Amino acid sequence: MSGTPHITSETLARAILTKAIGEPDSLAYGLIQGAGSGIFVLALIVAPITSSLPQWLYEAIQQYAALSLAQHNAQFQDDTQQRYNDNRPQLTHTKQLKALHEEIQAYCNHTQQTKYHARQCTADALLDKALIIGCAQWGKTIHQQGLTRWHQIREQWRAQLAQLPLHNIDQLQTQLTCNGTYWILGPDSMLWPHQWDDLSLHTDAVAPLCIWGLGDAHTLSACAKPIALVGSRYASPAGIRITQQLALHAARLGHTVVSGGAMGIDAAAHAACIQARHERSTGQDEAQAGRTLAIIAGGLNHRGPVRNRPLFEQIVQAHGALISEMAPEEIPRPHRFLLRNRLIAAYASTVIIVQAQARSGALNTATWAADLARPVLAVPGDIQEGHHTGCHELVYQGKATLLPYPQALDDWLHEAHAPMLSSTAQQRVQSAILKLLDTAGTTSISMTTLLNTLQPSFSKHDILAALGLLEIDQRIERTMQGSIRSVARTTSRTSTTLPTETAVTSAHHTLLHNKPVLPSKPELPNQSALPSQAGLPIQATLPNQQLELQIDTL
-10 MSGTPHITSE TLARAILTKA IGEPDSLAYG LIQGAGSGIF VLALIVAPIT
40 SSLPQWLYEA IQQYAALSLA QHNAQFQDDT QQRYNDNRPQ LTHTKQLKAL
90 HEEIQAYCNH TQQTKYHARQ CTADALLDKA LIIGCAQWGK TIHQQGLTRW
140 HQIREQWRAQ LAQLPLHNID QLQTQLTCNG TYWILGPDSM LWPHQWDDLS
190 LHTDAVAPLC IWGLGDAHTL SACAKPIALV GSRYASPAGI RITQQLALHA
240 ARLGHTVVSG GAMGIDAAAH AACIQARHER STGQDEAQAG RTLAIIAGGL
290 NHRGPVRNRP LFEQIVQAHG ALISEMAPEE IPRPHRFLLR NRLIAAYAST
340 VIIVQAQARS GALNTATWAA DLARPVLAVP GDIQEGHHTG CHELVYQGKA
390 TLLPYPQALD DWLHEAHAPM LSSTAQQRVQ SAILKLLDTA GTTSISMTTL
440 LNTLQPSFSK HDILAALGLL EIDQRIERTM QGSIRSVART TSRTSTTLPT
490 ETAVTSAHHT LLHNKPVLPS KPELPNQSAL PSQAGLPIQA TLPNQQLELQ
540 IDTL
């Protein structure tokens, strides 16, 4: 498969946890926040159900812990310098995380010599501590009643994990990727879209632990400000036509278009992007056309509807991608479509609604978009037709900006660009990166230094795209400190799954702090007036104040 990232130990651990849990879960997110790594969380959960830790997991912990000491020391120094700038909570968290890492490593080093009962009690206590620290970092609280409910859920996870071949890493990867059919990507990859981080920053939802994908993984980072096009499954010919016009225009300018892979509006948006690529196949560079991304509600083995299977194949052939946050065998239950909508809204910079009834999934996507401060545009239609009611209500109540004609979309798109660099330009940026690594005088350089050095000559988007390509080619890797180093400089690289690349900070994280400013003429949607998110499963959301309320209702 083209554009296929390899699986790091951190990503593998997150994929195993996701498979055991079944779907997005705030508890898993809080645990990883507190422990600092999915590797640590997995080790603490599986230790009591195995006679010894799997060898790959034990080695990953040792490497992670060795690298984390330098990370914690560096973070502690940075936090100390900023402690007078309202940064004391972060300083406390750094101390707690360092102490917890040391406890976990000591526990894992002696787990084989510890009796079963003592081993389980220690693991459970460390998990409780990680959850409490993670929830505090997230701005949530948990009390004894919530912990009691968490203990019941923990044992359910262990029962699921006991069914996996945890000691055979090759069999694990084969099972998780369906014999290599799909790739798996985690937040430690430079291709990871960190705009999903906004979910935990601005809403009570959580970002995916990892994602499964089919197609070209570069699609995820091919555009700095993708657009989403969603709407009715039973669209009229006029709705299909306007969707095709909007998606085709955006794709011709190199922008990524994301949708849900459903019939109607979704399918029209994906097909138009493929058409834009085909237009350039006769004499022009087809790589200059924008990509399309379909986010599936269930696992990729159940991608649907069946009627759209040929379209999905065309998306992959056109260097787009299909992704899901759930393991391949998970079926698309009704509430999972609403869960999926949050990923569409968070991934996009602007959400466009075309033909939506008064109650529809498209309006749920609009709700998520407003919570995330993404602009919502609504396409108007005949006021006597029911499938325009939702769009008209959004505009009437001030929840969306009306899109008066197709060309008005230009006010919301950033500058035209190629989703991937031309081969010549690509080689030029990659060469500059590798030369900088060779002449840095140390084994790695920070992302800030790399961007500051190269940005006078290249754009940030081109640098990040080149870093993603170099990572997939395994010519560079990211350290625990978030720095970049050449693989050629690494003294040992025993396995592609060992956590030399497990830092969850990514090159794209800088986009969270340096987002391009959206056009200011239209106003952002009114968040308070948006329809509710009724129907979302409690596992994916947290109440604003007390975490134990979420746990007690699971």
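Just so you know, we're using the numbering used here here: the sequence shown kicks off at -10 and counts up by one.
Don't be surprised by glycine CBs; every beta carbon is placed ideally from N, CA and C.
Keep in mind that this is a model prediction, so the values were computed, not measured.
What does the alpha-carbon distance come out to for the pair residue i and residue j?
i: HIS183; j: PHE29; result: 22 angstroms
i: GLY288; j: GLN306; result: 20 angstroms
i: PRO514; j: VAL476; result: Residue placement at PRO514 cannot be trusted, given a pLDDT of 36 that sits under 50; the coordinates are not used to answer.
i: HIS238; j: VAL340; result: 15 angstroms
i: ASN168; j: GLN152; result: 18 angstroms
i: GLN416; j: THR356; result: 42 angstroms
i: ILE312; j: GLY250; result: 10 angstroms
i: TYR53; j: LEU33; result: 15 angstroms
i: GLN234; j: ALA261; result: 8 angstroms
i: ARG467; j: GLY19; result: 24 angstroms
i: ILE5; j: LEU165; result: 8 angstroms
i: TYR171; j: ILE452; result: 27 angstroms
i: ARG363; j: SER420; result: 36 angstroms
i: TYR96; j: GLU382; result: 57 angstroms
i: ILE200; j: LYS8; result: 11 angstroms
i: ARG482; j: LEU89; result: Because the pLDDT at ARG482 is just 36, under 50, the model does not fix this residue reliably, and the value given afterwards should be weighed accordingly. Taking the straight line from one Cα to the other gives about 27 angstroms.
i: ILE284; j: GLY350; result: 14 angstroms
i: ASP186; j: LEU218; result: 21 angstroms
i: HIS156; j: ARG138; result: 29 angstroms
i: ALA257; j: ILE229; result: 6 angstroms
i: LEU519; j: ALA196; result: With a pLDDT of 30 at LEU519, under the threshold of 50, the modelled position of that residue is not reliable, and no figure is offered here.
i: ALA310; j: GLN373; result: 37 angstroms
i: GLN141; j: ARG280; result: 44 angstroms
i: ASP193; j: ARG269; result: 43 angstroms
i: ARG3; j: GLY27; result: 5 angstroms
i: GLU48; j: LEU42; result: 10 angstroms
i: GLN134; j: ARG331; result: 29 angstroms
i: GLN444; j: ILE422; result: 11 angstroms
i: PRO226; j: HIS267; result: 22 angstroms
i: ALA112; j: GLY11; result: 22 angstroms
i: ILE120; j: LEU136; result: It is worth fixing the name first, because residue 120 is Leu in this sequence and not Ile. In a straight line, the C-alpha of LEU120 is about 9 angstroms away from that of LEU136.
i: ALA24; j: ALA405; result: 41 angstroms
i: HIS403; j: ALA213; result: 9 angstroms
i: THR491; j: GLY204; result: With a pLDDT of 30 at THR491, under the threshold of 50, the modelled position of this residue cannot be trusted; read the value that follows with caution. Near 23 angstroms, if we compare the C-alpha coordinates of GLY204 and THR491.
i: PHE447; j: GLY202; result: 29 angstroms
i: GLN145; j: GLN109; result: 15 angstroms
i: ALA358; j: LEU352; result: 10 angstroms
i: LYS118; j: ILE93; result: 11 angstroms
i: PRO(-6); j: TRP181; result: 11 angstroms
Round the Cβ separation of residue i and residue j to the nearest angstrom and send it over; I've been treating them as touching at under 8 angstroms.
i: GLN346; j: HIS376; result: 5 angstroms
i: GLU232; j: GLY220; result: Looking at the sequence shown, residue 232 is not Glu but Thr. Indeed they touch by this definition, with Cβ atoms about 7 angstroms apart.
i: ILE465; j: ALA337; result: That pair is no contact at about 29 angstroms.
i: PRO317; j: ASN290; result: 4 angstroms
i: ARG143; j: LEU115; result: Not quite, the Cβ-Cβ distance comes to about 12 angstroms (not below 8 angstroms), so this is no contact.
i: THR442; j: LEU425; result: 6 angstroms
i: GLY552; j: MET179; result: Given a span of -10 to 543 for the chain in the structure shown, any question on residue 552 remains unanswerable.
i: ARG474; j: SER435; result: Not really, about 11 angstroms apart at Cβ, beyond 8 angstroms.
i: ARG222; j: MET252; result: 5 angstroms
i: THR354; j: ALA334; result: 5 angstroms
i: ASP360; j: HIS244; result: The Cβ separation is near 23 angstroms, so there is no contact.
i: ALA265; j: ALA286; result: Wrong, their Cβ atoms sit about 25 angstroms apart, outside the cutoff.
i: ILE320; j: ILE263; result: Contact doesn't hold; Cβ gap of about 27 angstroms is too wide.
i: ALA236; j: VAL246; result: 5 angstroms
i: ILE254; j: VAL384; result: About 17 angstroms separates the two Cβ atoms, so there is no contact after all.
i: HIS259; j: LEU300; result: 6 angstroms
Looking at the strands, I want to know which residues DSSP matches up with residue i.
i: GLY288; result: Its beta-bridge partners do not exist; DSSP assigns none.
i: ALA283; result: SER248 and LEU311
i: SER435; result: Answer is none; SER435 lacks a bridge partner.
i: GLU466; result: ARG474
i: TRP401; result: Paired residue(s): none; TRP401 is not in a bridge.
i: TRP172; result: GLY202
i: THR390; result: LEU366
Check whether the region 362 to 377 touches the region 389 to 401, counting contact only when three or more Cβ pairs, one atom from each stretch, lie closer than 8 angstroms. yes
Determine, using beta-carbon pairs with one atom in the region -3 to 6 and one in the region 158 to 178, whether at least three such pairs fall under 8 angstroms. Contact annotation: the region -3 to 6 touches the region 158 to 178, with at least three C-beta pairs closer than 8 angstroms.
Evaluate contact between the region 11 to 21 and the region 125 to 143, counting only Cβ atoms and requiring at least three cross-stretch pairs below 8 angstroms. yes
Given 8 angstroms, three or more beta-carbon pairs between the region 144 to 158 and the region 33 to 52: Output reads yes: the region 33 to 52 touches the region 144 to 158.
Segments of 3+ residues assigned as beta strand (DSSP E) that fall wholly inside the region 304 to 372: Fully enclosed beta strand (DSSP E) runs of no fewer than 3 residues occupy 310 to 313, 339 to 343 and 365 to 368 of the region 304 to 372, in order along the chain.
Please give the ranges of any alpha helix (DSSP H) in the region 188 to 242, keeping only runs that are unbroken, at least 4 residues long and fully inside the region. As for any alpha helix (DSSP H) of minimum length 4 sitting wholly inside the region 188 to 242, the runs are 226 to 241, ordered along the chain.
For a minimum of 4 consecutive residues, which ranges assigned as the alpha helix (DSSP H) are wholly contained in the region 100 to 159? 105 to 126 and 133 to 150
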